[in-house]
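Peer 1:
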Amino acid sequence: MRILSALLLSGSLLASPAAFAQTTWTGGDDQATSPLACDASVTPVPPGDYNGGTPTGAPDRKGKALKVVDIPKLVGVGYFNSTAQGVQSAAKETGNMTVTTDGPTKANIDEQITFIDNYITSGVDGILFAANDPVAIAPVLKRALEAGINVVGYDADAEADARQWFVNQAQPNGVAKALMDQLASEIGEEGSFAIVTSTFTTPNQARWIAEMTAYSAKCHPKLKFLETVEAQEDNILSFNQAQTLINKYGDELKGIVGMTSVATPAASEAVQQNKLCGKVSVVGLALPNAMKPYINNDCIKSTVLWSTVDLGYAAGLAMRAVADGTLKPGDTTFKAGRLGDLQIVNQSQILLGAPKVFTKTDINNFDF
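Mapped onto mature numbering (1 follows the signal peptide of the UniProt record, and there is no 0), the consecutive letters of the sequence shown carry residue numbers -21 to -1, 1 to 347.
Structural data, given as structure tokens:
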């Protein structure tokens, strides 16, 4: 595990006996945090001045057919298969937008940059993306803007001026609250837990972990954090990392928090294979369909997420609206078809809503 000084953590780890209140690095970023009140629901941050980018010399695309490429972190996993489904739904609804989903088969930023670069060269009207690294991806997205291409992000953002808008599935502090409240309810206020994330540079997961740090210190101060491990959004590696945590900590390990839609079911499988159902909880972000086997057989109690189909759908509609000029700087809401009016927050983000906790009582009502 990495060790950082308290200065580098700059307030993310509080000087208290809280879950993360130690010098052990959690995998979170070092940006300022804004933990919600312990008994409060998610309160969206009102928008300020627009801080997104602007395409250079973009042609008039209002009402015209659009050729769009969707480049997620990786292809071939359930999470991004379902966001792609949502994007296609938006394309069908608008009737004049063709979208191709393409990208690396592993969450590799260098490969993702290559895909984007190739599509800039081949020529597209719009690029949808979910970033593997917010800083590393920014230069190629800026090249797209300079080429007059509309750029909209979803799921994992880039630097704000490298895209026009970002569809945010949930406020980071809202994700943190949902995960940590659920974890504490399952393992108790003094339980020990570890985190399985994708990579330490994946922007949304690092932001969620930083907010989890602050929220836990404030609202669940006796939870004990053990360590964070990387699993690259790879099913086998995620299982092996969970297995390693089980072997390493034994009875001390009461919970595993999965930060990806791959890590959470893989950790659940590791718990089940080790006959630890009811002894080690898995709380994390995952598609309901992937978690149904573990929740329906009472091995795992819950999973936390948002509608990934709706996330892709909102991103697709945002792309059409940007091209048409109906989504523009200064707007405070975005008309998102069947989703109704979505709030614009953080200067250039469209907020999908608060995360949901799926349990055995309702998980079978959802199919994604």
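For each residue, glycine too, the CB sits at the ideal point set by N, CA and C.
Small disclaimer: the values here were computed from a predicted structure and weren't measured.
(1) In the DSSP assignment, find the unbroken alpha helix (DSSP H) run with E90 in it and report its ends.
(2) Is the number of C-beta pairs between the stretch 158 to 171 and the stretch 129 to 144 that are closer than 8 Å three or more?
(3) My assumption, with CB atoms under 8 Å, is that F345 sits in contact with F337. Please give the rounded CB distance.
(4) Considering Cα atoms alone, identify which of I128, G57, A86 is closest to residue 352.
(5) Unbroken alpha helix (DSSP H) runs of length 4 or more, entirely within the stretch 252 to 340: which are they?
(6) Between the C-alpha atoms of C256 and F204, what's the straight-line distance to the nearest angstrom?
(7) Around the C-beta of T73, are 16 or more other C-beta atoms found within 10 angstroms, so that it is buried, or is it exposed?
(8) CB T80 to CB A69, shorter than 7 Å?
(9) Could you check if T2 is buried or exposed, using at least 16 other CB atoms within 10 Å of its CB as the buried criterion?
(10) Can you tell me whether D81 is helix, strand or coil according to DSSP?
(11) Can you say whether I215 is buried or exposed, counting buried as having 16 or more other CB atoms within 10 angstroms of its CB?
(12) In three-state terms, what does DSSP make of E231?
(13) Report the three-state DSSP secondary structure of S13 (helix, strand or coil).
(14) For F107, which residues does DSSP report across the bridge?
(15) Could you check whether V48 and Y98 sit closer than 7 Å to each other, using their CB atoms as the reference points?
(16) Are E212 and V241 close, meaning C-beta to C-beta below 7 Å?
(17) With the cut-off set at 7 Å, would you say N129 and G102 are in Cβ contact?
(18) Taking buried to mean at least 16 other C-beta atoms within 10 Å of its own C-beta, is Q91 buried or exposed?
(19) Measuring only the C-alpha atoms, how far is A(-1) from G55?
(20) Taking all protein chains shown into account, decide if T181 is buried (16 or more other Cβ within 10 angstroms of its Cβ) or exposed.
(21) Between which two residues does the alpha helix (DSSP H) carrying T62 extend?
(22) Could you pull out every residue in the same chain whose Cβ sits closer than 7 Å to the Cβ of P113, ignoring the five residues on either side in sequence?
(23) CB-CB under 7 Å to L53, same chain, minus the five flanking residues each way: which ones, in chain order?
(24) Just to confirm the assignment, what range does the beta strand (DSSP E) spanning E209 have?
(25) Give me the Cα-Cα distance between G27 and N325, rounded to the nearest whole angstrom.
(26) So does the stretch 258 to 278 actually touch the stretch 195 to 202, counting three or more Cβ pairs closer than 8 Å?
(27) In whole angstroms, what separates the C-alpha of R40 from that of Y292?
(28) Please report how far the alpha carbon of P14 lies from the alpha carbon of G7, in whole angstroms.
(29) Between C17, N30, L224, which lies nearest to G237 when the distance is taken from Cα to Cα?
(30) Return the bridge partner residues of A173 from the DSSP annotation.
Peer 2: Checking against the coordinates, here is how it stands:
(1) 88 to 101
(2) no
(3) 7 Å
(4) It is not possible to answer for residue 352, since the shown part of the chain is limited to -21 through 347.
(5) 267 to 275, 287 to 303
(6) Straight-line measurement puts the Cα of F204 at about 21 Å from the Cα of C256.
(7) The residue is buried, with at least 16 neighbouring Cβ atoms inside 10 Å.
(8) no
(9) Caution is warranted here: a pLDDT of 49 is assigned to T2, below 50, making its placement in the model unreliable, and the coordinate value is therefore given only provisionally. The residue is exposed, with fewer than 16 neighbouring Cβ atoms inside 10 Å.
(10) Here DSSP, grouped into helix, strand and coil, assigns D81 to coil.
(11) exposed
(12) helix
(13) coil
(14) The residue asked about is misnamed: residue 107 is Leu in this sequence, not Phe. Paired residues: D49, V131.
(15) yes
(16) yes
(17) At the C-beta level, N129 and G102 stay beyond 7 Å of one another.
(18) buried
(19) Reliability fails at A(-1), whose pLDDT of 42 lies under 50, so the model's placement of it is uncertain and no value is given.
(20) buried
(21) 57 to 73
(22) Cβ within range, chain order: D136, A137, E138, P182.
(23) F59, G82, P83, T84, K85, A86, E212
(24) 203 to 209
(25) Roughly 6 Å between the two C-alpha positions.
(26) no
(27) 20 Å
(28) 14 Å
(29) L224
(30) I235
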